[in-house]
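Presented below is the structure to which this report refers.
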Amino acid sequence: MAVTVLLVDDLAELRVVVRQALRLRGGFEVVAEADGGAAAIEAARQHQPDVVVLDLGLPDLAGREVLTGLRRVAPNAQVVVYTGSAVHDSEYVMERVEGYVHKDQNLGYLIDLISDLGRRRHQTASIEVGPDRRGVAEARRFIADQCRRWGCIDAIDNAQVVVSELVTNALVHAGTRCEVSARLAQGILRLEVTDRGSGMPDPQAATTRDEHGRGLLLVSMLCLAWGVDALPGGTGKVVWAEMLALSDPAAGPPVSGKASAPSGGGADTRGDGGDSEENGSATRASADRNPGRHRRTLRPTARRLVSVAQ
1 MAVTVLLVDD LAELRVVVRQ ALRLRGGFEV VAEADGGAAA IEAARQHQPD
51 VVVLDLGLPD LAGREVLTGL RRVAPNAQVV VYTGSAVHDS EYVMERVEGY
101 VHKDQNLGYL IDLISDLGRR RHQTASIEVG PDRRGVAEAR RFIADQCRRW
151 GCIDAIDNAQ VVVSELVTNA LVHAGTRCEV SARLAQGILR LEVTDRGSGM
201 PDPQAATTRD EHGRGLLLVS MLCLAWGVDA LPGGTGKVVW AEMLALSDPA
251 AGPPVSGKAS APSGGGADTR GDGGDSEENG SATRASADRN PGRHRRTLRP
301 TARRLVSVAQ
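Residue 1 is where the sequence shown starts when you use the numbering used here, and the numbers rise one by one after that.
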């Protein structure tokens, strides 16, 4: 099966060059092209490409907005930045893409990287839960089911604790339905909870006498990294967490795709949200918080990020 590619660049001539190089290499299908950020997000939503080749110097949207939009509509896509412009927030960008190549480098670098990424497709699934607190139990069952399907049984307990905290915070503070996504790639399980609330998670320091208030601190202890990405236009946020989840091929075949709400089955089906505001978490949403405040420098899925910039 060919690796599907979305080309995003405001220069039509450059898109032609990259498309031709992919055709000559073989094994690729350019499913769409876009000359702006908004068009790129819509094309990604429609075509769900395996790889997005993205220029950050687009005329309508800033790099952060485009990346957040792409991740939201096509979480399975792997993004390779191919740019000739200086990026003032390059560290932010490089933490969130699978490859970063300057246009003054040999085009072969880019094609080699796309070819490599095409062989490492993610396993992903997602579900909508809420708005009532029963959504926490649904999310726990969903994560347990996906871990079993992907063969990372040992990650189930920690993944359920983490998703309980993230979903509880979303349901309590945003008060709307939220989307829970899971992605497994190279031994890293990434959990994302997207809601439409305006506030940001703020870990509260709990004293020895407090019964609650340790929810996000627990997430921090169980995960390699976690953080918050604001959606464009203040329309909500994505809270994500990443943890080790080494899969056992003997546990079962990989399954990916959009999941419906699971019913029953081996996971803990308690409706409590772990360390929730009622059952444990004093985490508060604050609209004036910096979305990146709690981000750590380590982002495991970026270990295979390739940069050939000089």
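Ideal Cβ placement from N, Cα and C applies to all residues, glycine included.
Which of helix, strand or coil DSSP assigns to residue i
| i | result |
| --- | --- |
| Asn279 | Residue confidence for Asn279 is low, a pLDDT of 36 falling below 50, so the modelled location carries little weight and cannot support an answer. |
| Thr235 | coil |
| Val255 | Below a pLDDT of 50, predicted positions are generally treated as unreliable, and Val255, at 38, falls in that range; the measurement from the model is reported next regardless. If DSSP states are grouped into helix, strand and coil, Val255 belongs with coil. |
| Gln160 | helix |
| Asp154 | helix |
| Ala230 | strand |
| Ala12 | helix |
| Leu246 | coil |
| Ala77 | coil |
| Gly274 | Note that Gly274 has pLDDT 41, beneath the 50 cutoff, so the model's placement of it is unreliable and no number is given. |
Start and end residues, beta strand (DSSP E) containing residue i
| i | result |
| --- | --- |
| Ala139 | That residue, Ala139, is in no beta strand (DSSP E); its alpha helix (DSSP H) goes 134-150. |
| Arg183 | 178-185 |
| Leu7 | 3-8 |
| Arg196 | Looking at the DSSP string, Arg196 is not in any beta strand (DSSP E), and its letter there is neither H nor E. |
| Ala86 | Where Ala86 is concerned, there is no enclosing beta strand (DSSP E), given that its DSSP letter is neither H nor E. |
| Val172 | No beta strand (DSSP E) contains Val172, which DSSP labels as neither H nor E. |
Assumed close pair residue i, residue j - CB separation to whole angstroms, cut-off 8 angstroms
| i | j | result |
| --- | --- | --- |
| Cys178 | Val167 | 6 angstroms |
| Asp10 | Pro59 | 6 angstroms |
| Ala170 | Gly197 | 7 angstroms |
| Arg96 | Leu61 | 15 angstroms between Cβ atoms; not a contact. |
| Leu24 | Val53 | Contact doesn't hold; Cβ gap of about 16 angstroms is too wide. |
| Gln123 | Arg183 | 7 angstroms |
Range of the contiguous alpha helix (DSSP H) that encloses residue i
| i | result |
| --- | --- |
| Ser220 | 215-222 |
9 angstroms Cβ cutoff, residue i in contact with chain B
| i | result |
| --- | --- |
| Leu70 | The chain labelled as chain B is not found in the depicted structure, where only one protein chain is given. |
Inset, instruction - Could you name each continuous alpha helix (DSSP H) segment of 4 residues or more that falls completely within the segment 88-121, going from the start of the chain to the end? - result: 90-94, 107-118
Contact between the segment 145-161 and the segment 185-193 (3+ Cβ pairs under 8 angstroms)
yes
*Validate contact between the segment 18-36 and the segment 67-78 using beta carbons, cut 8 angstroms, 3 pairs*: no
Note down, one range per segment and in chain order, each beta strand (DSSP E) of at least 3 residues found wholly within the segment 16-73.
28-34, 51-54
Can you find at least 3 beta carbon pairs, one from the segment 140-157 and one from the segment 101-121, that sit closer than 8 angstroms?
-> no
- Does the segment 129-136 touch the segment 227-244, meaning 3 or more C-beta pairs lie closer than 8 angstroms? no
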